[in-house]
Amino acid sequence: MNSTGSCADVFVLIFLKVGKFGYETAIECVILSGYVVVKTVIAEIGRMMGHKTIKGRKGFTLAELLIVVAIVAVLVAISVPIFTSRMDRTKATVCEANRKIVLRQILLEQMEDDGFTRDDAEAILEKSDARCPAGGTFSVEWEEAYVKVNCDRHGASIGGGEDTAKTVSVSFTKDYQDFVKANPKTSNDNLRKAFLKKYDGKWPTLTVSGETYSIQPYYQDRGTSKQVEDRVWLFAKKESVSGWNTNYIYNPKNGQWYGATTWKGEPGGVGRVIYEDIDDLIDKIDNETHSNGKKKWAVVTDYQESK
Ligand SMILES: [Zn+2]
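One point on numbering: in this note's numbering, the residue at position 63 of the sequence shown is 56, and numbering is uninterrupted.
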């Protein structure tokens, strides 16, 4: 096999892989490019030392090497986000399966024990090995009508009934996602206007501490290739709050409302509605702080929703 032959082999292998991007492709390409680089370096050293390379091979030329490195860079750039989002989906699925294991244990014990309490439900969660693979924290809500095992990153699994005072946002988000999908290439403004008509001119409401806020949808219609599901979220604000500002924002991934805090870190502040996508939103509500280090967003647990 001469040098042109072995180089062509590598190119053929890489191009065969182009059809199915994935992290496997990235790893194989890195190994292949490593092979090319090592071979070229050995050949160069041989040349510099004035020796002919073993069995007369010349290795790869610099041009060939650069082309391979460029192709590998492109493939890795394409593969890594695909791999990451696949991992995220896998973790979300495992998380849901783990929540359901805990939920089933709680429901089973509840059926057998008339004096079952919230403490019992929490004890079952504590004893369980079930964890969120993405590092989310599980919590349990136990009421007469339903049991909910919640992950603060991925949302809740509900059993034994529905918590109707807190499910309006779930169906509202789904409605708006479907609406966006049915009207692709329409701007967020136009979609909101058309959608409001569908809701008879009245947004649903969120009630926190006796105050009522209107729940509205937002669609990030620019600058991202992500799916509709990753570009729709809700916010809830008072009429007096202007522009794209809001009192509350909703994370559809875990079904939780977050309240904007004041500079002192207390409830009652105003935050932003617009984010790049749902991952950006989650990142900001988890991590953003005021200049004094107080968190900008706080989870709201005591609220009601109504249509
Ligand atoms: Zn989770």
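All C-beta atoms, glycine included, are put in the ideal place defined by N, C-alpha and C.
Keep in mind the model is a prediction, meaning the values are calculated, not measured.
In this structure, the straight-line span from the alpha carbon of VAL263 to that of LEU227 is close to 15 Å. Spatial neighbours of ARG124 in its own chain (CB-CB distance under 8 Å, excluding positions within 5 residues in sequence) are listed in chain order as ASN91 and PHE131. Relative to ligand 1, ARG146 has its C-beta within less than 7 Å of a heavy atom. Under DSSP, LEU199 forms a beta bridge with TYR206 and GLU298. Counting C-beta atoms within 10 angstroms of its own C-beta, GLU298 has 16 or more neighbours from the protein chains shown and is therefore classed as buried. For ALA85, the closest C-alpha among the options PHE172, TYR296 and ALA149 is that of ALA149. Counting along the chain, ILE242 sits inside the beta strand (DSSP E) bounded by residues 241 to 244. Each residue's CA atom was taken as its position, placing VAL65 and GLU222 some 31 Å apart. Distances from the CA of SER26 to each of VAL69, MET42, ARG146 and LEU101 were compared; the closest alpha carbon is that of VAL69. Here LEU59 is exposed, its C-beta having fewer than 16 other C-beta atoms within 10 Å. Buried is the label assigned to TRP290, since at least 16 other Cβ atoms lie within 10 Å of its Cβ. Fully enclosed alpha helix (DSSP H) runs of no fewer than 4 residues occupy 161 to 175 and 181 to 191 of the region 160 to 201, in order along the chain. A direct Cα-Cα distance of roughly 38 Å separates ASP272 from PHE109. The region 197 to 212 and the region 160 to 170 touch, with three or more beta-carbon pairs separated by less than 8 Å.
Close CB contacts of GLU115 within its chain, under the 7 Å cut and outside five residues either way in sequence, are with VAL133 (chain order). The region 282 to 296 makes contact with the region 252 to 262; the number of CB pairs closer than 8 Å reaches 3 or more. Here DSSP, grouped into helix, strand and coil, assigns ASN91 to helix. Annotated three-state conformation of VAL234 is coil, per DSSP. Annotation for THR166: PRO210, VAL225, TRP226, LEU227, TYR243 and PRO245 place their beta carbon closer than 8 Å to its own, counting only its chain and skipping 5 residues before and after.
Per DSSP, the unbroken beta strand (DSSP E) holding GLU134 starts and ends at 131 to 135. In this structure GLU89 touches HIS147 by the C-beta definition: roughly 7 Å separates them, less than 8 Å. In the displayed model, PRO126 falls within coil according to three-state DSSP, outside both helix and strand.
For ALA127, the Cβ falls inside the 7 Å cut-off from some heavy atom of ligand 1. By DSSP's assignment, GLY264 forms a beta bridge with THR239. Rounded to the nearest whole angstrom, the C-alpha separation of ILE117 and VAL30 is 56 Å.
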